[in-house]
Every structure is written in structure tokens, then in C-alpha cells.
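One structure is given below, encoded as C-alpha cells.
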Amino acid sequence: PRWSPDGRWIVFSSNRGKSGFNLFRQLADGTGEAERLTTSDIPQFPSSLSPDGSILVFVENNSKTEGDIMVLRLEGEERKPEVFLATPFIERGPALSPDGKWIAYASNESGEFEIYVRPFLRPGAKVKVSAGRGGFPKWLPDGKEIFYRDEGKIMAVSVSVQDETLRAQSPRLLFELKGD
Numbered sequence: 719p720r721w722s723p724d725g726r727w728i729v730f731s732s733n734r735g736k737s738g739f740n741l742f743r744q745l746a747d748g749t750g751e752a753e754r755l756t757t758s759d760i761p762q763f764p765s766s767l768s769p770d771g772s773i774l775v776f777v778e779n780n781s782k783t784e785g786d787i788m789v790l791r792l793e794g795e796e797r798k799p800e801v802f803l804a805t806p807f808i809e810r811g812p813a814l815s816p817d818g819k820w821i822a823y824a825s826n827e828s829g830e831f832e833i834y835v836r837p838f839l840r841p842g843a844k845v846k847v848s849a850g851r852g853g854f855p856k857w858l859p860d861g862k863e864i865f866y867r868d869e870g871k872i873m874a875v876s877v878s879v880q881d882e883t884l885r886a887q888s889p890r891l892l893f894e895l896k897g898d
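For reference, each letter of the sequence shown is one residue, going 719 to 898 in this note's numbering.
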């Protein structure tokens, strides 16, 4: 589940009804009925909301193209999921930057999962920010760093924007995870 930025709603995936896992939102205080946001036979899972809460980013596990990154505009009458990124590879874990201008995600296009960042809903090139493997990207609240997991390590990479281009420094180890 994902909280809306204002804390009023929770967006979640559920297999209630006749279809597979679809997206719903519910008031966080538990009042009212859950509102169905999508109806699809393809499993869908929420990942991130825009800073103003008007756009939901989610992953759709399409059997033909694996994990695709989709967007759903939550305002207005006509709510139709739109493809943001669908490739022959698996994309997963999309996370919007705190200003909503960038999206970080994991993709296995290189043969193993790595972290990429690209402009969100505007043109521009993607930038690989991981050095080797990477998954589960999360932005620091000021948008100047991205954390991600590399197997049993948590990594951090500092990012900045110059002339509408994202620049990433070399990732650094924050700490290692200890297994049981």
C-alpha cells in the first residue's frame, strides 16, 4: 500500500471482485467504501504517488512484457491507465522524486537489475545511477540522494540536476545487511 502525500488516502492492490489484483483507494480513517481505480486481468501494484497526489505510478505484471511502469491520473472522470515504460525487460520499484520531476526504477535490461532515473512525463534520457546490481530505489526527502539495495548492501548515490539533466555521483556503501 501507498499513502497519499496528504495522508488522507491509502492506495492498495486487491484481488476482490472478479478480476485479478487491481488498484483501490480507501480513506485512511477507514470510513466509506474502497474506491476501485482499475479493472484489469493483469496484476497491478501501487508504487508511488506524485507530490500533489494526482498521479499514481504502478507496476503492471503483463505476461508479454513482464513488469511495466504505468501511470493513472486520479483526477477527473476518465481514469485510464497509461503506459509510462513498457519494454521487453522487467521494470519494477518505480519511485517518484520529491518534486515529481524524476522517476527512479529497477530494470534488468543489462542482464541484471540496476537502478535508472529518467524524467517523469517529459522528454529526456535515462541515467544509470547504480554500479552493478540494484533494486528498491527510494529518494531522500530533499531529492538529492537515492538509496537502493544491492544484494545484502544498502547503497546511496548523490544526484543533482544541471540544465535539466540529472547527474549522479558514484554510489557509496551505507551499510551491509546481516542475514540470519
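Think of the CB as a built atom: it goes at the ideal place given N, C-alpha and C, for glycine as much as any other residue.
Measure the beta-carbon distance from Gly-853 to Ala-824 and round it to whole angstroms, keeping in mind my assumption that it falls under 8 Å. Here residue 853 corresponds to residue number 135 of the sequence shown, with the count starting at 1. Here residue 824 corresponds to residue number 106 of the sequence shown, with the count starting at 1. The Cβ separation is near 5 Å, so the contact holds.
Compare the beta carbon distance of Tyr-834 and Lys-819 with 8 Å and say whether it is the shorter of the two. Counting from one through the sequence shown, the residue named residue 834 turns up at place 116. Counting from one through the sequence shown, the residue named residue 819 turns up at place 101. In terms of Cβ geometry, Tyr-834 and Lys-819 do not form a close pair [threshold 8 Å].
Is Ala-843 helix, strand or coil when you go by DSSP? Position 125 of the sequence shown, counted from the start, is the residue given in the question as residue 843. In the structure shown, Ala-843 adopts coil according to DSSP, grouped into three states.
Using CA atoms only, rank isn't needed, just tell me which of Val-775, Ser-888, Gly-870 and Phe-730 is closest to Glu-863. For the purposes of this step, residue 863 is taken as the residue at position 145 of the sequence shown. Comparing Cα positions, the closest option is Ser-888.
Candidates Arg-851, Gly-738 and Arg-754: which alpha carbon is nearest Leu-745's? The residue you call residue 745 lines up with position 27 of the sequence shown. Checking every option, the nearest Cα to that of Leu-745 belongs to Arg-754.
If you draw a straight line from the C-alpha of Ser-876 to the C-alpha of Asn-733, how long is it? Walking along the sequence shown from the start, residue 876 turns up at place 158. Walking along the sequence shown from the start, residue 733 turns up at place 15. Here the alpha carbon of Ser-876 sits roughly 38 Å from the alpha carbon of Asn-733.
Can a CB atom of chain D be found closer than 8 Å to the CB of Pro-889? The chain labelled as chain D is not found in the depicted structure, where only one protein chain is given.
Reference Glu-784; option with closest CA among Leu-803, Arg-797 and Ile-773: As a working note, residue 784 is residue 66 in the sequence shown. Considering only alpha carbons, the answer is Leu-803.
Rounded straight-line distance, which links the Cα of Leu-892 to that of Leu-790: In the sequence shown, residue 790 corresponds to position 72, counting from 1. In the sequence shown, residue 892 corresponds to position 174, counting from 1. Near 34 Å, if we compare the C-alpha coordinates of Leu-892 and Leu-790.
Asn-976 - DSSP class collapsed to helix/strand/coil: Outside the shown range of the chain, which is 719 to 898, sits residue 976, and nothing can be said about it.
Cβ-based burial, Gln-762 [other Cβ within 10 Å; buried from 16]: Start at 1 with the first residue of the sequence shown, and residue 762 comes out as number 44. Counting Cβ neighbours within 10 Å, Gln-762 comes out buried, since at least 16 surround it.
Closest by CA to Gly-829, which one among Ser-766, Val-775, Ile-808 and Val-777? Here residue 829 corresponds to residue number 111 of the sequence shown, with the count starting at 1. Residue Ile-808 holds the alpha-carbon nearest to the alpha-carbon of Gly-829 among Ser-766, Val-775, Ile-808 and Val-777.
How many Å lie between Phe-776 and Ser-765 at the Cα? Along the sequence shown, one-based indexing puts residue 776 at 58. Along the sequence shown, one-based indexing puts residue 765 at 47. Between Phe-776 and Ser-765, the alpha-carbon positions lie close to 5 Å from each other.
Can you list, in chain order, the residues of its chain with a C-beta nearer than 8 Å to that of Gly-850? Leave out the 5 residues immediately preceding and following it. The count along the sequence shown starts at 1 and reaches residue 850 at position 132. Short of 8 Å from the beta carbon of Gly-850, and not among the five residues preceding or following it, lie these beta carbons of its own chain, in chain order: Glu-830, Glu-832 and Asp-868.
Euclidean distance between Cα positions of Val-847 and Arg-840: Locating residue 847 in the sequence shown gives position 129, where the first residue counts as 1. Locating residue 840 in the sequence shown gives position 122, where the first residue counts as 1. If you draw a straight line from the Cα of Val-847 to the Cα of Arg-840, it is about 19 Å long.
For a quick check, are the C-beta atoms of Phe-904 and Ala-752 less than 8 Å apart? Because the chain is modelled from 719 through 898, residue 904 falls outside the range shown and cannot be assessed.
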